[in-house]
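Taking it in order: structure first as C-alpha cells, then the write-up.
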Amino acid sequence: MENSLEYAISLDQQDVLKHFRQKFIIPQHNNKDAVYFTGNSLGLQPKSTSDHINLELEDWASLGVKGHISARSPWVNYHEQFAASLAMLTGAKADEVVAMNQLTVNIHLLFASFYQPTKERYKIICEAKAFPSDQYALQSQVKFHGFNADDAIIEVAPREGEFIIQTEDILSVIEQNKDSIAVVFFGGVNYYTGQLLDMQKITAASHEAGAFAGFDLAHAIGNIKMNLHNWNVDFACWCSYKYLNSGPGGVAGIFINEKHATNTSLLRLAGWWGTNKKTRFLMQKEFDPIPTAEGWQLSNVPVLLMAAHKAALKLFDEAGIDSLVEKSKMLTQYLFYILDEINNSQQNDIIKLITPRDAHGCQISMLMLQRGREIFDALINEGVIADWREPNVIRIAPVPLYNTFEDVWKFGNIIRKIISTDVYDIKIHSSSKDAGI
Ligand SMILES: *Cc1c(COP(=O)(O)O)cnc(C)c1O
C-alpha cells in the first residue's frame, strides 16, 4: 500500500461499488464534498428517498383511507416488503425479521418476552458502559420485575489498562453465573470501540448456562455479515438510521429466532398488528398471534418512515452484503496503514487505535494521545465530519456504500499536516461540539 493521493484514486477506480456514491447526497463543505465519516451515527440520504416518500404522499392524497388496500404498495402490509432484505442483512429467515417501532422500544418489547425472571434466574449479563439507552432499558426492566439493578445486572468490562472486552472473559462470566442468569444481552458491535463480538460463541455459552442470548445490532446491521439464524441467536434488534441510511428516527427492526417466533404461547405485549391478518379487521376480542416475528408488531405501520427505509434497503439489495463487507475491509485496512504511518513518523505515538484489528466493522476509534482536540477541530475545519467522544476519542466510519479511498487518504493527510506544524491556525466555523449518536 501507499500513502498517496494517486494510489487512493487508483483503488477507487478499481472499486466495483464505486457507482453507489452517486446515489447519495453528500454534504458540502466550501462547495466541495465533505469527507463524511459519521455513517455510524446518521447515514447519508439516498437520492431516491424523496421519490419513495413522495409516492406515498401522492397515494395518500389521491386515495385517502383506500390507500391501506389500494396504494401502489398497500399500506396494511407495507412492512412485508422488507423481510427479504432484512433477512439478507442479518442472516435470518424472512419469517424471523420485521421492521417496526424504534430501537429502545423494541428492546423493551423483546425483554417482555425473553426476560421473565424467577427468584433463582433473574440476572442479565451485558457489557460495561453499554449505550446509555440500553443501560436505562435494562435497569428499568429489572426494577419492573422487582429486582435491584446493582445485583441483577452483571457488566463485563475490559481488563485493567485495556479497551476492548476479551471474549473469554464474557464466556467465563456467563459460566460463573450459570445458575442465576436469565438473559445475556450485548451490542454485536460496540458503539464506542467498534469491537465486533463473537456472537456465535456468546450465544452457545448462554444456552449452555440456560439463558437466552440477545444482541443490540445498532452498529452491526448493514456493517458486518451476520448469521443470526445459524448462530442460534434468540433475539436481536437494531435501528435503521445508522449504517442503513433510512433517515433520522427511521423505523427499527427485530429478529426473533423461528423456534420462538412460532411459539404463539410465548408471552408478549400485544397490539392489533401482531394478530392474525385474516381476522384482524373483524375486531374480535381474542388475540391470535402471527407465528412469525410479525407477531410482535403493535401498531399499523409508519408508511412515510418505511418509504425512506425502502429506498435505502434497495441499495443494500443491489450491492449485497458480501461485496460491501469486502470493500469495508479494504477501506479500514487502508486507514490502519495510514494511521500506522503517522505514528511511525513521530517519536511518540499520536494515536492509539482502540478498535481491535481482527474484529471490527467500518468504525475505527482513535484514542488521541497528543493534541487530540486540536486535531479534531482541524479536521472539522477542513471538511471532515467525524465524531468526538469525551475525554479524547475520535470515532470515524468509512462506509463502503459512499465513502472512498480518497476520503481515507485526505483524512490521514490532514492529520499529517497538523502534526508537522507546531500550532495549527484554526478558524472554526462549525461547532465541533456537534453531537453524534
Ligand atoms: C444508536 C443506539 C441506540 C439509540 O436508540 P434509539 O431508540 O434508536 O434512540 C441505542 N442503543 C445502541 C447500542 C445504539 O447504538
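Numbering (the numbering used here) for the sequence shown: 227 to 663. In this text, a Cβ means the ideal position worked out from N, Cα and C, and glycines have one as well.
Buried versus exposed call for Thr-647 [16 or more other C-beta atoms within 10 Å across all chains shown]: Taking the first residue of the sequence shown as position 1, residue 647 is located at position 421. Answer is exposed; the Cβ neighbour count stays below 16.
Measuring only the C-alpha atoms, how far is Leu-541 from Asn-458? Translated into the one-based positions of the sequence shown, residue 541 becomes position 315. Translated into the one-based positions of the sequence shown, residue 458 becomes position 232. Going by the C-alpha atoms only, they are around 28 Å apart.
Report yes if the C-beta distance between Thr-330 and Ala-534 is below 7 Å; otherwise report no. Indexing the sequence shown from 1 puts residue 330 at position 104. Indexing the sequence shown from 1 puts residue 534 at position 308. Cβ distance not < 7 Å, so Thr-330 and Ala-534 don't count as in contact.
Measuring alpha carbon to alpha carbon, tell me which residue in Lys-249, Asp-259, Ile-295 is nearest Asp-277. The residue labelled residue 277 in the question sits at position 51 within the sequence shown. The residue with the shortest Cα to Cα distance from Asp-277 is Lys-249.
Candidates Leu-627, Met-592, Ile-644, Ala-623: closest to Ile-390 by CA position: The count along the sequence shown starts at 1 and reaches residue 390 at position 164. Among Leu-627, Met-592, Ile-644, Ala-623, the Cα nearest to that of Ile-390 is on Met-592.
Using the Cα positions of Ala-408 and Gly-317, report the straight-line distance between them to the nearest angstrom. In the sequence shown, counting from the first residue as 1, residue 408 sits at position 182. In the sequence shown, counting from the first residue as 1, residue 317 sits at position 91. The alpha-carbon atoms of Ala-408 and Gly-317 are separated by roughly 25 Å.
Hey, could you find the ends of the alpha helix (DSSP H) Phe-389 is sitting in? Your numbering for residue 389 matches position 163 in the sequence shown. Phe-389 -> no alpha helix (DSSP H), and no H or E assigned at all.
On the CB-based measure, 16 or more other CB atoms within 10 Å of its CB, does Met-532 come out buried or exposed? Numbered from its first residue, the sequence shown carries residue 532 at position 306. Looking at its Cβ environment, which holds 16 or more other Cβ atoms inside 10 Å, Met-532 is buried.
Backbone CA spacing between Ala-661 and Asp-377 [nearest angstrom]: Counting from 1 along the sequence shown, the entry for residue 661 is found at position 435. Counting from 1 along the sequence shown, the entry for residue 377 is found at position 151. Here Ala-661 scores only 46 on pLDDT, less than 50, and its place in the model should not be relied on; the value that follows carries that caveat. Distance between the alpha carbons of Ala-661 and Asp-377: 33 Å.
Rounding to the nearest angstrom, what Cα-Cα distance links Phe-513 and Arg-494 in this structure? The residue you call residue 513 lines up with position 287 of the sequence shown. The residue you call residue 494 lines up with position 268 of the sequence shown. If I take the Cα positions, the gap works out to 11 Å.
Nearest-angstrom beta carbon gap, Cys-588 and Ala-623 [assumed within contact, 8 Å]: One-based indexing of the sequence shown puts residue 623 at position 397. One-based indexing of the sequence shown puts residue 588 at position 362. Between Cys-588 and Ala-623 the Cβ distance is about 4 Å, and since that is below 8 Å, they are a contact.
Since Ser-591 sits in a beta bridge, which residues does DSSP pair it with? Counted from its first residue, the sequence shown places residue 591 at position 365. Its beta-bridge partners are Arg-621.
Around the Cβ of Lys-653, are there at least 16 other Cβ atoms within 10 angstroms (buried) or fewer (exposed)? Reading the sequence shown from its first residue, position 427 is the one you call residue 653. At Lys-653, the pLDDT of 48 sits below 50, so the modelled position is not reliable; the number obtained from the coordinates is stated separately. Burial call: exposed.
What do you get for Ser-339, buried or exposed, if any count of 16 or more other CB atoms within 10 angstroms of its CB means buried? Translated into positions along the sequence shown, residue 339 becomes position 113. Classification for Ser-339: buried.
Reduced DSSP category for Ala-615 - H, G, I as helix; E, B as strand; rest coil: Here residue 615 corresponds to residue number 389 of the sequence shown, with the count starting at 1. Correcting the residue type first, residue 615 is Arg in the shown sequence and not Ala. Arg-615 falls in the strand class under three-state DSSP.
Express the C-alpha separation of Lys-578 and Gln-596 in angstroms, rounding to a whole number. The residue you call residue 596 lines up with position 370 of the sequence shown. The residue you call residue 578 lines up with position 352 of the sequence shown. Spanning the two alpha carbons is a distance of roughly 10 Å.
Residues proximal to ligand 1 by C-beta, any heavy atom closer than 7 Å: Gln-328, Leu-329, Thr-330, Val-331, Ala-356, Phe-357, Ser-359, Asp-360, Gly-413, Tyr-417, Asp-442, Ala-444, His-445, Cys-465, Lys-468, Ala-478, Ile-663
Would Gly-414 and Ala-437 be called neighbours here (beta carbons separated by less than 7 Å)? Position 188 of the sequence shown, counting from 1, holds the residue named residue 414. Position 211 of the sequence shown, counting from 1, holds the residue named residue 437. In this structure, Ala-437 does not lie closer than 7 Å to Gly-414 by Cβ.
Buried or exposed for Phe-308, going by 16 or more other Cβ atoms inside 10 Å? Working through the sequence shown from its first residue, we reach residue 308 at position 82. It counts as buried.
Step through the CB atoms of chain C and report whether any lies within less than 7 Å of the CB of Ser-236. Going by chain labels, chain C is absent from the structure shown, which holds only one protein chain.
By Cβ distance, which residues of its chain are closer than 7 Å to Val-551, with the 5 residues on each side in sequence left out? As a working mapping, residue 551 is identified with position 325 in the sequence shown. These residues qualify, in order along the chain: Ile-450, Lys-451.
Select from Ala-354, Asn-332, Lys-369, Tyr-304 the residue whose C-alpha is nearest the C-alpha of Tyr-348. Against the sequence shown, residue 348 aligns to sequence position 122. Comparing Cα positions, the closest option is Lys-369.
How is Thr-488 classed by DSSP in three states: helix, strand or coil? Looking up residue 488 in the sequence shown gives position 262. Reduced to three states, the DSSP call for Thr-488 is coil.
May I ask you to report which of helix, strand or coil DSSP gives Pro-719? Because residue 719 is not part of the residues shown, which for the chain are 227 to 663, the question remains open.
Below 8 Å, can you find three or more Cβ-Cβ pairs linking the region 547-565 to the region 493-511? no
Buried or exposed: which applies to Ser-656, given that a residue is buried once 16 or more other Cβ atoms fall within 10 Å of its Cβ? Taking the sequence shown and counting its residues from 1, one reaches residue 656 at position 430. Since pLDDT at Ser-656 reaches only 43, below the 50 mark, its modelled position is unreliable, and the value read off the structure follows with that caveat. It counts as exposed.
Straight-line Cα distance separating Gly-598 from Lys-659: As a position in the sequence shown, residue 659 is number 433, starting the count at 1. As a position in the sequence shown, residue 598 is number 372, starting the count at 1. At Lys-659, the pLDDT of 47 sits below 50, so the modelled position is not reliable; the number obtained from the coordinates is stated separately. Looking at the two C-alpha atoms, the distance is approximately 14 Å.
Could you tell me the distance, in whole angstroms, from the CA atom of Lys-404 to the CA atom of Ala-435? In the sequence shown, residue 404 corresponds to position 178, counting from 1. In the sequence shown, residue 435 corresponds to position 209, counting from 1. If I take the Cα positions, the gap works out to 5 Å.
Between the CA atoms of Leu-364 and Leu-561 - distance to the nearest angstrom: Numbered from 1 along the sequence shown, position 335 holds the residue referred to as residue 561. Numbered from 1 along the sequence shown, position 138 holds the residue referred to as residue 364. If you take the alpha carbons of Leu-561 and Leu-364, they lie about 35 Å apart.
Could you tell me whether the Cβ atoms of Ala-666 and Ile-400 are closer together than 7 Å? The structure shown has nothing for residue 666, since the chain only spans 227 to 663.
Starting from the Cα of Lys-485, find the closest Cα among Phe-507, Glu-608, Ser-311, Asn-456 and give me that residue. In the sequence shown, counting from the first residue as 1, residue 485 sits at position 259. Ranking Phe-507, Glu-608, Ser-311, Asn-456 by Cα distance to Lys-485 puts Asn-456 first.
For Tyr-362, count neighbouring C-beta atoms within 10 Å of its own C-beta (all shown protein chains included) and say buried if the count is 16 or more, exposed if not. Position 136 of the sequence shown, counting from 1, holds the residue named residue 362. Exposed, because fewer than 16 other Cβ atoms sit within 10 Å of the Cβ of Tyr-362.
Cross-strand partners of Asp-259 (DSSP beta bridge): To locate residue 259, count along the sequence shown from 1; it is residue 33. Gln-254, per the DSSP bridge assignment.
Identify the residues that DSSP records as bridge partners of Cys-352: which are they? Residue numbering aside, residue 352 sits at position 126 when the sequence shown is read from its first letter. Looking at the DSSP assignment, Cys-352 forms a beta bridge with Glu-381.
Do you know offhand how far Tyr-262's Cα is from Asp-633's? Sequence index remark: in the sequence shown, residue 262 carries index 36 (1-based). Sequence index remark: in the sequence shown, residue 633 carries index 407 (1-based). Their backbone Cα atoms lie some 8 Å apart in a straight line.
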